[in-house]
């Protein structure tokens, strides 16, 4: 219930819940800052992060390095919020279509 009101409430959840994909996704839908508290493997979960950046491109900040280099994921993030480009891997910052 708490993450439905404020996604950042994930901060106070027990460690196993921070690894619960559905709970983290729900928290991120409410507030992408909740991704700060997600378990590390979820930050490398491409589908979860793709959905997160579609909601808020800024969520790219929390993605694992491998995903920050994923052109499709970065493109989705930039479409939602152009400033998300600052979180992309360096080679993608030189991609004319993304910029």
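Residue numbers (our numbering): -7 to 91. The beta carbon of each residue, even a glycine, is placed where N, CA and C say it ideally should be.
When the options are compared against residue i, the one with the closest alpha-carbon
i          : options          : result
residue 46 : 61, 82 and 70    : 70
residue 82 : 73, 72 and 59    : 59
residue 97 : 11, 6, 21 and 12 : Limits of the chain in this structure are -7 at one end and 91 at the other, which puts residue 97 out of reach.
residue 13 : 41, 4 and 63     : 41
residue 19 : 8, -1, 37 and 6  : -1
residue 44 : 29, 23 and 57    : 23
Residues near residue i by beta carbon distance below 8 Å, same chain, minus five either side
i          : result
residue 67 : 89 and 90
residue 49 : 68, 69, 70, 71, 72, 73, 74, 75 and 76
residue 4  : -6
residue 38 : 59, 62 and 65
residue 25 : -1 and 0
residue 7  : 31
residue 17 : 40, 43 and 44
As assigned by DSSP and simplified to three states, the class of residue i
i          : result
residue 57 : helix
residue -7 : coil
residue 89 : coil
Cβ-based neighbour list, residue i, same chain, cut-off 7 Å, excluding 5 preceding and 5 following
i           : result
residue 53  : 79
residue 9   : 15
residue 104 : Residue 104 lies beyond the range of the chain shown here (-7 to 91); nothing can be said about it.
residue 84  : 61, 63, 66 and 90
8 Å contact criterion, which residue i and residue j should meet: CB distance rounded
i          : j          : result
residue -5 : residue 15 : 6 Å
residue 55 : residue 35 : 6 Å
Cβ neighbours of residue i in the same chain (closer than 6 Å, five flanking residues each side left out)
i          : result
residue 1  : -6 and -5
residue 11 : 31
heavy atom of the ligand PLP below 7 Å from residue i C-beta
i          : result
residue 48 : The model depicted lacks the ligand PLP and carries no ligand whatsoever.
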